[in-house]
Structure formats: structure tokens, C-alpha cells
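The sequence shown begins at 0 in numbering that gives the first Met the number 0 and counts up by one.
These notes concern the structure reproduced below.
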Amino acid sequence: MWKVAFCLLLGFAAVSVAQDKPERVEPEVASRNLTKKVEPTVPPLAKAAGIGGNVVADIIINSAGKVSSVTLISGHPMLAPAFVDAIKKWEYTPFLKDGQAVTVTTRVEWAVAGPKYSQSQEKAIQDYYPAFQSCYNLVKQGNGADAESKCRDTLALSDQLPENRVLERSDARVFLGHALFLQRRYAESVPLYEKAVGIRRSYEHSDSDADFASENASLARAYAAVDNLSQADTYYSQAVTIYKAAIANLPEMKENYTARLKNTLLEYAKLKAALGRHDEASRLEAEAARL
């Protein structure tokens, strides 16, 4: 008897799951029910970088016609958040099945026109990102020797990118610098970090950009490694200032940026101690402890 009951229970559970799963509606059909559409805005940084392309997401529309869930399928990370934020505000006339309002799922897409590039630039764009990912992964694994080759390829590709791809050219130099630094080739890493900082300095909002702060800290670290302590002092100070501005500018990233600021303060304190400025070192350590 219990077996029968158990099988009935399983059958009931399967039916319930099937009923709870939203029915998929084709995009062109779903669009007919769209009553409120908030257009996404291309973020200023993405616009300045010339980012374009399609952003695609699956959404769940509940029985009241509200968007209850957004799942990103594809799209550039500088564009996706703006699209997701806009979609959440969309409203639909409820979808009916047998006269009853039901939950459905559909796919939505945002096409962002990017600037027109030459064929060689388009190829460089396609090749750059996989190359950078390989370089990035090897650096993060601490494999400086293998990373060096990949990062040199990435840097060469970055110089073939359109002129507005400032961040890519800067990042390529930073990570080649990291690959050399991992191999204790500190003097070779310095000019790469210097160039990266110089490139990114021209970028809009660099004075509150946490990644720019990181680049300043990397340059400071390299200067310290080659015993140019006065320059290291300058760039650690700049890194701290920029991190603080970044935290104020993007409070939602406070946890991430604060952790990076804390590490930089502790490194800076060691530099101050090496310079014999122990009171300043103590103040930096105390500031880091309060974070």
C-alpha cells in the first residue's frame, strides 16, 4: 500500500513541478503584451570605450505582468547591468492560459551600435579578449614564465585595437608587468606599469577608478622593488587617494574596494618604515586596522 501511495506522491510532485515551470513565449509574441518599456542607457564609460554589441537575457514574467527574474545569457559586462536594470522595470499585460493569468518566460535583447572599425581592427578585437583571458589566468595562478608569452601577445594585439580602447591597452601592459614582476624582473616591469598609468590617466573618471588605483599601487610596488623609494611613496599615496574616491563614488563596491585599500595601506606602511618614518607607518597601519 505504501508503494502505491509513494508512487502517487511522486506522480503528484511531477505534475506540480510541470505546472510550476513557466511556459516559454516567443519574443515577438511576448512583445505584443509589453505595456511599459524602459529603454536602457549606454553607460558613459561604455560609450567612451566604444563598446557595442547585443545583450541577451531570459526573463520570467509573473501572473501580474511584472518581471520577476532576469537571467543574463550574453553581452558585454559594461552593457549588461544597464540592460538588466531597465528590464526589471518593464510591465506586461498578464498572459492568459485557459482564461487564467499565468507565469511565462521569454527572451529579450538589446542591440547597441558600436563604432565602425576596419577589418584588421575587428580581428584584433576578436583576438584580444581570449588572449587577455589566458594572460590573466596565468598571472593569477602565479605562473609568470608562461604568462609572459601570452601577455606579450596580448600587448601586441592591444596596440592594433581602435584608438578608443584605452582600458585594453592599459590592462595589457599591467599584466605583462605582473608576469615580469612574478619572475623578479622588477626593473623590466617598471616601464610597463609607468606606461599603463600614463595611458589610463587620460581616461574619464580615472581619479575615482579603483582599477587606476591598483595600477598606481603596482607601479609603487615595482619602484620599491628597485629601491626607488621616493617614487614608490608618491604612487602609493596616489593609490590610497584614488581608492578612497572610488569607495565614495561607488558605495555598492565598498567591500571589494576597501579590501584593496587595506592591502595598499599595509604595503605603504612598510615603505614608510623602510624610509625611517615610523610615525607615519604606524598611522597607516592604524588606518588599515579600522577598515
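We put the beta carbon where it would ideally sit given N, CA and C, even for glycine.
Since the structure is predicted, the reported quantities are computational estimates derived from the model, not experimental observations.
Where residue i falls, given that 16 or more other Cβ within 10 Å makes a residue buried
i: glutamate 108; result: exposed
i: valine 173; result: buried
i: lysine 271; result: buried
i: valine 28; result: exposed
i: lysine 20; result: exposed
i: alanine 178; result: buried
i: arginine 183; result: exposed
i: aspartate 170; result: buried
i: valine 196; result: buried
i: glutamine 237; result: buried
i: alanine 288; result: exposed
i: alanine 45; result: buried
i: isoleucine 86; result: buried
i: arginine 220; result: buried
i: alanine 4; result: For alanine 4, the pLDDT reaches just 38, beneath the cut-off of 50, and the residue's location in the model is therefore unreliable, although a value from the coordinates is still provided. Its Cβ having fewer than 16 others within 10 Å, alanine 4 is exposed.
i: glycine 74; result: buried
i: lysine 194; result: buried
i: serine 201; result: exposed
i: leucine 95; result: exposed
Contact under 8 Å by Cβ, residue i with residue j
i: leucine 218; j: lysine 261; result: no
i: alanine 231; j: tyrosine 242; result: no
i: tryptophan 299; j: valine 66; result: A question about residue 299 goes unanswered here, because the residues of the chain that appear run from 0 up to 290.
i: aspartate 158; j: arginine 168; result: yes
i: alanine 224; j: tyrosine 185; result: yes
i: alanine 56; j: valine 83; result: yes
i: threonine 299; j: alanine 209; result: For the chain, the structure presents residues 0 to 290; residue 299 sits outside this window and is missing.
i: alanine 146; j: valine 138; result: yes
i: alanine 48; j: arginine 164; result: yes
i: alanine 258; j: alanine 268; result: no
i: cysteine 134; j: lysine 149; result: yes
i: threonine 153; j: tyrosine 127; result: yes
i: glycine 51; j: alanine 112; result: yes
i: arginine 199; j: phenylalanine 180; result: no
i: leucine 228; j: leucine 274; result: yes
Span of the alpha helix (DSSP H) around residue i
i: serine 117; result: Per DSSP, serine 117 belongs to no alpha helix (DSSP H) and is neither H nor E.
i: aspartate 206; result: That residue, aspartate 206, is in no alpha helix (DSSP H); it is neither H nor E in DSSP.
i: arginine 184; result: Run containing arginine 184: none; DSSP gives neither H nor E here.
i: aspartate 145; result: 143-157
i: alanine 247; result: 228-248
i: glutamate 38; result: Run containing glutamate 38: none; DSSP gives neither H nor E here.
i: valine 83; result: 79-86
i: proline 26; result: 26-30
i: proline 43; result: 43-48
i: alanine 268; result: 253-273
Continuous beta strand (DSSP E) stretch holding residue i: start and end
i: isoleucine 59; result: 52-60
i: glutamate 108; result: 103-111
i: threonine 34; result: 33-35
i: valine 66; result: 66-73
i: lysine 96; result: 94-96
Contact belief for residue i with residue j at Cβ below 8 Å, rounded distance in angstroms
i: tyrosine 256; j: alanine 245; result: 5 Å
i: proline 114; j: proline 161; result: 7 Å
At least 3 beta-carbon pairs within less than 8 Å: the region 95-112 vs the region 52-66
yes
* Any contact of the region 25-36 with the region 77-84, i.e. 3+ C-beta pairs under 8 Å? -> no
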